[in-house]
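Only one structure is covered here, and it is reproduced in the block below.
In the numbering used here, the protein residues as written are 22 to 117.
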């Protein structure tokens, strides 16, 4: 994917699929994700959606550890795009 394609905003269909993909088993994770979408859904790019997908591949407990800052991204998660989206998710803890 070229840089311009990654900077393109998600269309409604892709956003809907992403929201469905982000449904989690732990309420705590869902709360982070809902606040994230409330703040950022209108401006999400394709590359941010792909990074969010990488985070959604984690188990609920591993994701929660990252969201709460108990762990930091390591290995394949230590990418700039994943770190950026994780920061956006973590910021969702703050009042809107």
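The C-beta atom is built at its ideal place from N, Cα and C for all residues, glycine as well.
Beta-bridge pairing of residue 104 - partner residues as DSSP gives them: According to DSSP, residue 104 bridges with nothing at all.
Three-pair Cβ contact test at 8 Å for the segment 59 to 72 versus the segment 90 to 97: no
At least 3 beta-carbon pairs within less than 8 Å: the segment 50 to 65 vs the segment 77 to 93: yes
Cβ-based burial, residue 110 [other Cβ within 10 Å; buried from 16]: buried
4 or more residues per run - each alpha helix (DSSP H) lying fully within the segment 23 to 106: 24 to 28, 33 to 42, 48 to 61, 67 to 77 and 81 to 88
Beta-carbon contacts of residue 107 that lie in its chain and below 7 Å, excluding the five residues immediately before and after: 76, 87 and 94
Alpha-carbon spacing of residue 91 relative to residue 33, whole angstroms: 33 Å
Where residue 112 sits in the DSSP three-state scheme: helix
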